[in-house]
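Undergrad:
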Amino acid sequence: MQLVYFAWVKERVGKSEETLHLPEHVNTVRELLSYLSGINEIYAHALAEPEKLRVAVNQTHVKLDHPVIDTDEVAIFPPVTGG
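Mapping of the sequence shown onto our numbering: position 34 corresponds to residue 37, and the numbering continues sequentially without gaps.
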């Protein structure tokens, strides 16, 4: 799986992207965010409020219950405000 981070998520994680082998027990975006949060305190801080994050799987915005597979590209970013 290719993970891509944007804006303050990227700043908090300390990288813009990484490759991850998806564990068998991770099947949804919510489970992915939970798994990442368990890696260390840096991820836990960056992903502390998953309901406030926006996620795209293969460049399509999805909800937290959307399925993920090992070959997906998952982008994680904070909500965008406009004006």
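Cβ atoms here follow ideal geometry from the backbone N, Cα and C, with glycine treated the same way. Since the model is a prediction, treat every value here as computed from it, not as a measurement.
Taking the alpha-carbon positions, what's the Asn43 to Leu6 distance?
TA: Whole-angstrom Cα-Cα distance: 16 Å.
Undergrad: Just the C-alpha distance for Asn70 and His24, rounded to the nearest angstrom, thanks.
TA: Reading the sequence as shown, one finds Pro at residue 70 and not Asn. Going from the Cα of Pro70 to the Cα of His24 covers about 15 Å.
Undergrad: Going by DSSP in three states, Ala78 sits in which element: helix, strand or coil?
TA: Reduced to three states, the DSSP call for Ala78 is strand.
Undergrad: Helix, strand or coil for Ala49? Go by DSSP, reduced to three states.
TA: If DSSP states are grouped into helix, strand and coil, Ala49 belongs with the helices.
Undergrad: Going by Cα to Cα distance, which pick from Lys66, Pro81, Asp75 is closest to Thr22?
TA: Of the candidates Lys66, Pro81, Asp75, the one whose C-alpha sits nearest the C-alpha of Thr22 is Asp75.
Undergrad: Does Val83 come out as helix, strand or coil in the three-state DSSP assignment?
TA: Here Val83 sits in coil by DSSP.
Undergrad: So, at 6 Å on beta carbons, what are the nonlocal neighbours of Phe9 in its own chain, with the 5 sequence-adjacent residues on each side left out?
TA: Here the set comprises Phe80.
Undergrad: Apply the 10 Å Cβ neighbour rule to Ala49 and answer buried if 16 or more other Cβ atoms are within range, or exposed otherwise.
TA: With 16 or more other Cβ atoms within 10 Å, it is buried.
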